[in-house]
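Trainee: Same order as they appear, the protein sequences are chains A and B. Quick note on the working numbering: the first sequence kicks off at 4 and runs consecutively. Quick note on the working numbering: the second sequence kicks off at 3 and runs consecutively. Supplied in structure tokens, the structure appears directly below.
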Amino acid sequence: MTAFITGGAGCGKTAELLSRIEAASAHGPVLALVPSAVDPQDLRTRIATDGARVCDVSELAFEMLGDLDPERIDDERAAQLFAIAAAPLLSLEWTEIVDARVDPEVPGLRAPDRFLEAAFRLVRKLRDGCISPEAFLESALRGATGWYSNPPNLAHPDVIAYTKDAYRDSLYADPPELQRQYRREVDLAKVLAKLYRAYLDHPVRRGCLTARDAIALARERAGADPACAERLRARYSAAFVDDAQELTLCELQLLQALYGESLEGVTLCGDPESALTTFRAGARPDRVFTLQGERTECTVQRRSPPAIDAACRHLTGAGAPAIPASEEPVLTLFRASTQRAEADYVADAVVDLLQRNTAPENIAVLFRSVSSVGVYRDALLARNVDVDLGGDAAIFGEIDAIDALALLWSVYDPFRHEYLLRVLSGTTLRLSDHTLYTLCGEPPDPQTPLLNDLPEGEPKRSGRWDAKRDLRLGWNVLHGDRDADLSDLARERLQRFRAMHAQWNAAAASLAPSQLAVRVWNDALAPRGTPGSATQAYQMRTLQRVLDRMRAFEAAHPDAALGEFLEYADEREQNDIAMKPEFAQRAVRMFSIETARGMEFDHVILPNVRAGAFPRWYAPDAFLYSPSQGMIAKENVGEGARAARTAKFSYYMYRMKTREAYNREERRAFVYGLRRARRSVIVTASERASRGAAAPEFLAELQAAHLRGTEDQSDRWRPSHRIYAAT
Amino acid sequence: MLRSPLSGIPQPLGAAYAALARSQGSFPELLESDRLAAGASRDAVLRFAAALRAKTPVQPAVLDAPITPYAQNSALTLCEPVEAEPGEVVRAPATRFSASQLNTYAECARKWFYRYLCSAVEDKGSSASFYGTAFHAALEAFHQEFPQPAQAGAEELLRRLSACIKTAFDVHREHFETPVEHELQLRRAQRTARRYVEWLLAEGRRAPFTVVGCELATELQMEGYEFVGYIDRIDRDDATGTVSVIDYKTGSIATSAEEYRAQVAAFEDFQLPFYYWARTEAGDRVSRLALVPLKDSLLDVRPVALDVVPFAAERTRSRSPSGRISVAELERARTRMIELCREISEGTHRAFPVATDPDACTYCSYLVSCAGRPYPAENRFAR
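Take a look at the structure:
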């Protein structure tokens with residue numbers, strides 16, 4: 004029978020789970036799992052026994068598919084393969100389009116890149132939900148027929164009141180217009196189903212698998228081959244799942260395929276109220292925690308002080324308990340006029356905690372997303388506080404990483420002028436703007452022609468672009484054609500750079516890309532900050548992370564050259580796999596809420612708690628999908644369209660209240676962040692709070708509550724009194 | 003392969019050919035058409051080409067420099083930092099200024115430096131920008147045929163504009179990255195054209211006019227600085243003889259006349275002020291400046307129009323697309339344009355400053371080059 008360990012954050016669920024794992028592993032090996040959206044590292048470090056195999060569900064799936072020798076790919080690579088599979092659609096070569104059975108004018112396709120991103124997000128959710136392309140299309144067509152044959156009352160006052168003024172015209176849809184929208188929706192469903200099928204038929208069938216692809220395939224295999232499940236059960240008689248609230252339907256079904264419908268021998272530990280990935284990764288706590296089983300509920304709050312517990316309960320509407328009078332407030336609130344001022348306040352608070360002998364590792368600055376936290380990080384580094392960044396930031400988008408990669412680009416392709424300009428003006432050479440300008444200009448003597456007939460401007464190129472400019476800067480830098488016009492200092496630096504460049508290229512013949520990178524950086528990349536400073540430590544850690552990625556890339560692609568890695572990094576400058584924390588010594592943790600999952604700290608700071616940041620505003624994708632209602636396209640397209648949005652979309656938003664559901668999940672995430680604290684919490688934001696209509700303002704809610712044990716410092720802040728002046 | 007140190011071709015030359023191949027055709031194609039002119043390294047290039055043809059391994063590299071021994075597992079140590087080169091003040095060469103150039107300078111001086119002085123990275127454009135280019139071309143052809151559109155029938159106008167759009171999009175077909183973008187942008191243009199014709203006829207009924215210029219090259223001297231630009235359309239009012247300057251906008255624009263007027267007052271946009279002064283100098287009596295939105299095919303064409311008035315009009319918070327702008331405001335814009343030209347020509351910067359607003363970086367081709375750029379605005383929306 005399944006066993007459940009449930010309870011709120013900080014109530015000792017995981018401790019209970021760990022003791023059960025230890026006890027069970029005394030009788031033989033057991034599985035200790037986390038959903039694939041969760042990093043197993045935390046669980047791994049907390050399990051004392053060797054008898055437990057600790058991994059996430061996808062690792063288990065890959066293990067089950069070992070005989071297929073699959074190539075593990077991340078979501079970014081999968082998105083590229085998806086785009087390749089979609090190329091015939093973009094070139095209008097699909098027979099359905101050629102034969103005019105499908106009109107390519109479907110919502111979103113006018114911007115193909117964004118369309119493919121949205122389509123791939125949908126495919127991922129369908130994979131998480133164990134829905135095949137065929138089942139998807141069937142349900143989409145059924146949903147369309149059902150909805151349009153019997154449309155709801157779009158003129159209902161509640162629907163009209165719920166719909167924003169700007170989109171109300173979408174509700175004035177007469178039968179011919181609805182019929183037209185129906186046809187667009189059907190075509191959209193056909194296009195998406197075919198794209199999904201193409202993805203499965205090409206990259207996936209060739210063995211390029213993401214974590215969720217592996218889980219889906221392993222589930223199919225375990226379902227079709229009982230012996231496979233038996234073998235695994237024989238190896239691991241019991242399985243324990245921590246953070247089970249984040250399991251997707253597909254992960255749950257894989258476990259059921261292995262351990263039976265009733266999950267015999269499986270212990271699920273988690274808190275349905277702490278699910279953070281129902282929107283992003285299709286977590287289904289509603290399916291997991293409604294299974295039958297023996298339940299142990301942990302109810303005593305062991306981690307957070309009463310005032311923080313009360314704040315959490317206030318935010319979730321659970322009713323705040325009586326708080327004993329406390330000598331010192333443990334929850335501090337602060338709203339600054341600007342984000343810079345807020346960052347200074349946060350950094351000063353961290354310095355204050357460090358001066359009171361708190362270990363940096365016991366201070367966490369938690370964000371909903373760490374993809375844009377430069378201003379907070381810089382404020383800490385400026386105070387010589389080292390920072391360990393972990394979460395959804397892209398390593399190749401970090402300033403130090405771009406500097407380092409620009410140097411490598413200048414080695415591999417000096418005619419990628421955008422990178423060469425960075426090298427010339429960056430810490431390596433620090434050439435003046437005047438020198439850059441000179442180097443970009445035509446030399447007095449014409450440059451050696453590389454083509455006999457290089458045209459001055461070409462009709463195929465944008466504007467009046469002179470094709471010679473494709474080469475001019477790189478050629479001037481490498482051949483010294485403009486050296487005579489430069490200052491002595493600039494000329495000397497360029498000559499040194501040219502000599503190094505020749506050396507690097509010579510070395511490239513014998514060194515692996517990562518070895519070459521170390522050489523290039525040691526020769527030409529200058530450290531930031533003073534020796535021993537936090538800034539320099541952060542830079543070195545960033546470079547080490549880039550190097551680690553290079554080495555991982557080399558291991559996966561032994562024949563790859565430097566250029567291939569640089570292209571790989573280029574594609575991932577914006578979106579990348581999550582940056583794992585380093586758990587660096589003497590560094591303050593700067594994590595996303597999801598990275599901090601399962602962790603606890605003495606002091607937690609939650610900055611940037613304002614609508615649009617935490618939580619972000621909910622902006623639904625170009626199309627949504629519901630197994631019962633089919634596709635719900637946002638954009639109303641095609642000949643005859645009058646409103647910008649479809650009627651079905653406006654109605655669906657009203658009916659399903661998806662924005663409210665999203666905001667509820669964000670509220671859970673905020674409370675989850677508060678619950679990471681053992682001793683104190685600071686919540687900050689900047690600028691004026693919104694009315695909280697589209698997204699809640701958590702800081703404003705706490706300010707308005709005037710809870711005991713809470714101190715609001717906003718009014719006390721005066722630029723003249725403290726160093727964090729508003730700038 | 004061309005960039006590999008094992009190609010036998012000196013790396014900078016190989017990399018240069020690889021860079022050329024991006025726009026001029028593949029290396030084998032260049033070779034085939036006998037377009038290569040490798041100078042002193044011609045032999046190395048030909049050896050590589052021969053090996054490529056024969057599909058045999060190339061000769062070991064003739065390295066530009068001997069390899070300095072280097073420990074393969076060296077630790078990261080980085081190099082000694084250097085002082086910034088002092089550098090001289092940068093003066094732009096004698097040039098003709100445009101409104102968009104000054105707009106760029108006002109938005110981000112560093113972007114201007116990269117784009118107009120360095121000009122080392124091509125702005126490859128986007129489907130949206132090619133939509134605009136093609137639409138402008140179509141309207142130019144259309145209005146040359148119909149200088150007094152009100153005298154023609156709606157159907158005829160629509161048929162001809164539709165044909166002009168088809169032709170213009172065919173001409174620009176290969177600029178669009180994919181056929182589906184071309185097809186769907188063309189449909190969008192055709193639908194927008196209907197709205198345009200409706201507006202044109204309504205305007206003609208309201209106040210009959212004659213189109214007296216399309217894509218009109220315009221030059222202007224202001225205190226010794228030369229300006230150049232192209233005015234999308236100039237209409238002459240048949241009753242009063244005054245002139246309206248029309249600028250087509252296929253991207254996002256100010257949503258009200260007051261918003262545009264505020265942009266002019268904040269010296270963020272010089273386009274219509276420049277056209278005003280250029281046409282006034284040419285002897286026209288300019289009474290109206292209008293931005294015509296051609297972005298959204300679902301919306302009626304409602305220009306953001308400013309009537310030019312002699313005396314200052316009060317600032318309001320009106321959301322109306324129609325408003326007024328005084329000659330004094332246009333004069334202030336003119337003065338600022340001259341100041342900026344002077345600043346650029348005489349040189350005031352040793353290091354061009356970067357904008358503080360990350361929006362300036364959104365479509366900048368030099369994003370990577372710019373080490374001092376502001377942090378990108380956080381993504382405020384979740385899916």
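Ideal placement from N, C-alpha and C gives every residue a C-beta, glycine not left out.
How far does the beta strand (DSSP E) with residue 32(A) in it extend, from its first residue to its last?
Mentor: Reading the first sequence from its first residue, position 29 is the one you call residue 32(A). Here residue 32(A) belongs to no beta strand (DSSP E), and DSSP marks it neither H nor E.
Trainee: Return no unless some Cβ of chain A is closer than 8 Å to the Cβ of residue 6(B).
Mentor: By one-based count along the second sequence, residue 6(B) stands at place 4. Cβ-Cβ to chain A under 8 Å: yes for residue 6(B).
Trainee: Does the beta carbon of residue 478(A) sit closer than 8 Å to a beta carbon anywhere in chain B?
Mentor: Position 475 of the first sequence, counted from the first residue, corresponds to residue 478(A). So, interface residue.
Trainee: Ignore the nearest five residues each way along the sequence and tell me which others in residue 666(A)'s own chain have a CB closer than 8 Å to its CB.
Mentor: Working through the first sequence from its first residue, we reach residue 666(A) at position 663. Counting only Cβ-Cβ distances below 8 Å, and skipping sequence neighbours, we find 618, 621, 698 and 699.
Trainee: Taking Cβ to Cβ, would you say residue 612(A) is nearer than 8 Å to residue 687(A)?
Mentor: If you number the first sequence from 1, residue 612(A) lands on position 609. If you number the first sequence from 1, residue 687(A) lands on position 684. Result yes, Cβ atoms of residue 612(A) and residue 687(A) sit closer than 8 Å.
Trainee: Just checking: is the beta-carbon of residue 151(B) within a distance shorter than 8 Å of some beta-carbon in chain A?
Mentor: By 1-based counting over the second sequence, the position of residue 151(B) is 149. It does not: the Cβ of residue 151(B) has no partner Cβ on chain A nearer than 8 Å.
Trainee: If you drop the 5 nearest sequence neighbours on each side, which residues of the same chain put their C-beta closer than 7 Å to that of residue 395(A)?
Mentor: The residue given as residue 395(A) occupies position 392 in the first sequence. Closer than 7 Å at Cβ, skipping near neighbours: 372, 373, 374, 581 and 595.
Trainee: Please give the ranges of any alpha helix (DSSP H) in the segment 237-286 of chain B, keeping only runs that are unbroken, at least 4 residues long and fully inside the region.
Mentor: Runs found: 259-267 and 273-283.
Trainee: Tell me, please, whether the CB atom of residue 543(A) is closer than 8 Å to any CB atom in chain B?
Mentor: Numbered from its first residue, the first sequence carries residue 543(A) at position 540. Interface residue, yes.
Trainee: Taking Cβ positions, are residue 524(A) and residue 407(A) nearer each other than 8 Å?
Mentor: As a working note, residue 524(A) is residue 521 in the first sequence. As a working note, residue 407(A) is residue 404 in the first sequence. In contact: residue 524(A) and residue 407(A) (Cβ atoms closer than 8 Å).
Trainee: Residue range of the alpha helix (DSSP H) that residue 101(A) falls in?
Mentor: The residue you call residue 101(A) lines up with position 98 of the first sequence. From DSSP, the alpha helix (DSSP H) with residue 101(A) extends over 98-101.
Trainee: Just to confirm the assignment, what range does the alpha helix (DSSP H) spanning residue 205(A) have?
Mentor: Within the first sequence, residue 205(A) is the residue found at index 202, counting from 1. Neither: residue 205(A) is in no alpha helix (DSSP H) and is coded neither H nor E.
Trainee: Are the Cβ atoms of residue 35(A) and residue 46(A) separated by less than 8 Å?
Mentor: For the purposes of this step, residue 35(A) is taken as the residue at position 32 of the first sequence. For the purposes of this step, residue 46(A) is taken as the residue at position 43 of the first sequence. Result yes, Cβ atoms of residue 35(A) and residue 46(A) sit closer than 8 Å.
Trainee: Looking only at its chain, what residues have a beta carbon closer than 7 Å to the beta carbon of residue 3(B), apart from the 5 residues adjacent to it on each side?
Mentor: Reading the second sequence from its first residue, position 1 is the one you call residue 3(B). Cβ neighbours of residue 3(B) beyond the five flanking positions: 9.
Trainee: Could you work out which residues of chain A lie near residue 115(B), taking near to mean beta carbons separated by less than 7 Å?
Mentor: Here residue 115(B) refers to the residue found at position 113 of the second sequence. Under the 7 Å cutoff, chain A gives 436.
Trainee: Using a 10 Å radius around the Cβ and a threshold of 16 neighbouring Cβ atoms, would you call residue 439(A) buried or exposed?
Mentor: The sequence position of residue 439(A) within the first sequence is 436, counting from 1. Buried, by the Cβ-count rule.
Trainee: Let me see if you follow: with CB-CB separation under 8 Å, is residue 311(A) close to chain C or not?
Mentor: As a matter of chain content, chain C is missing from the structure shown, whose protein chains are A and B.
Trainee: Taking Cβ positions only, does residue 739(A) come closer than 8 Å to chain B?
Mentor: With chain A covering only 4 through 730, there is no way to say anything about residue 739(A).
Trainee: What does the Cβ neighbour count give for residue 614(A), buried or exposed, with the cut at 16 atoms within 10 Å?
Mentor: Locating residue 614(A) in the first sequence gives position 611, where the first residue counts as 1. Its Cβ being crowded by 16 or more others within 10 Å, residue 614(A) is buried.
Trainee: If we call anything under 8 Å between Cβ atoms a contact, is residue 423(A) one with residue 496(A)?
Mentor: For the purposes of this step, residue 423(A) is taken as residue 420 along the first sequence, with counting starting at 1. For the purposes of this step, residue 496(A) is taken as residue 493 along the first sequence, with counting starting at 1. Cβ atoms of residue 423(A) and residue 496(A): not closer than 8 Å.
Trainee: Helix, strand or coil for residue 231(A) per DSSP?
Mentor: The residue given as residue 231(A) occupies position 228 in the first sequence. Looking at residue 231(A) - three-state DSSP - the assignment turns out to be helix.
Trainee: Which residues does DSSP pair with residue 529(A) in a beta bridge?
Mentor: Indexing the first sequence from 1 puts residue 529(A) at position 526. According to DSSP, residue 529(A) bridges with nothing at all.
Trainee: For residue 292(A) and chain B, any beta-carbon pair shorter than 8 Å?
Mentor: For the purposes of this step, residue 292(A) is taken as residue 289 along the first sequence, with counting starting at 1. For residue 292(A), the answer is no, since every Cβ of chain B falls outside 8 Å of its Cβ.
Trainee: At a cut of 8 Å, does the segment 206-215 of chain B reach the segment 171-179 of chain B through at least three beta carbon pairs?
Mentor: Flag = no, the segment 206-215 of chain B and the segment 171-179 of chain B do not touch.
Trainee: Compare the beta carbon distance of residue 379(B) and residue 360(B) with 8 Å and say whether it is the shorter of the two.
Mentor: Position 377 of the second sequence, counted from the start, is the residue given in the question as residue 379(B). Position 358 of the second sequence, counted from the start, is the residue given in the question as residue 360(B). Yes. Within cutoff.
Trainee: Applying a beta-carbon distance threshold of less than 7 Å, which residues of chain A neighbour residue 83(B)?
Mentor: Start at 1 with the first residue of the second sequence, and residue 83(B) comes out as number 81. Within chain A, the residues near residue 83(B) are 430, 529 and 530.
Trainee: If residue 92(B) and residue 421(A) are in contact, beta carbons under 8 Å, what's the gap, nearest whole angstrom?
Mentor: Against the second sequence, residue 92(B) aligns to sequence position 90. Against the first sequence, residue 421(A) aligns to sequence position 418. With a Cβ gap of about 19 Å, residue 92(B) and residue 421(A) do not count as contacting.
Trainee: Counting along the chain, where does the alpha helix (DSSP H) carrying residue 166(B) start and finish?
Mentor: The residue you call residue 166(B) lines up with position 164 of the second sequence. 156-173 is the span of the alpha helix (DSSP H), which, as asked, contains residue 166(B).
Trainee: Chain B partners of residue 608(A), CB-CB under 7 Å?
Mentor: Translated into positions along the first sequence, residue 608(A) becomes position 605. In chain order: nothing, as chain B lies at least about 17 Å away.
Trainee: Identify the residues that DSSP records as bridge partners of residue 390(A): which are they?
Mentor: In the first sequence, counting from the first residue as 1, residue 390(A) sits at position 387. Beta-bridge pairing links residue 390(A) to 591(A).
Trainee: When you compare only the Cα positions, how much space is there between residue 390(A) and residue 589(A)?
Mentor: As a first step, residue 390(A) is located in the first sequence; it is residue number 387 there, counting from the start. As a first step, residue 589(A) is located in the first sequence; it is residue number 586 there, counting from the start. Distance between the alpha carbons of residue 390(A) and residue 589(A) is about 8 Å.
Trainee: Using the beta-carbon count (16 or more within 10 Å), is residue 238(A) buried or exposed?
Mentor: The sequence position of residue 238(A) within the first sequence is 235, counting from 1. The residue in question, residue 238(A), is exposed, as its Cβ has fewer than 16 Cβ neighbours within 10 Å.
Trainee: Per the contact definition of three or more C-beta pairs closer than 8 Å, is the segment 508-515 of chain A in contact with the segment 345-365 of chain A?
Mentor: Counting Cβ pairs under 8 Å, fewer than three are found: no touch.
Trainee: Under a CB-based cut-off of 8 Å, is residue 351(B) close to chain A?
Mentor: Here residue 351(B) is taken as the residue at index 349 of the second sequence, counted from 1. Interface residue, yes.
Trainee: Taking buried to mean at least 16 other C-beta atoms within 10 Å of its own C-beta, is residue 734(A) buried or exposed?
Mentor: As displayed, chain A neither begins before 4 nor continues past 730, which places residue 734(A) out of reach and without an answer.
Trainee: Contact check, residue 604(A) vs residue 679(A) under 8 Å by CB: the rounded distance?
Mentor: On the first sequence, position 601 is the one that residue 604(A) refers to. On the first sequence, position 676 is the one that residue 679(A) refers to. Indeed, because the Cβ distance is near 6 Å, the residues count as touching under 8 Å.
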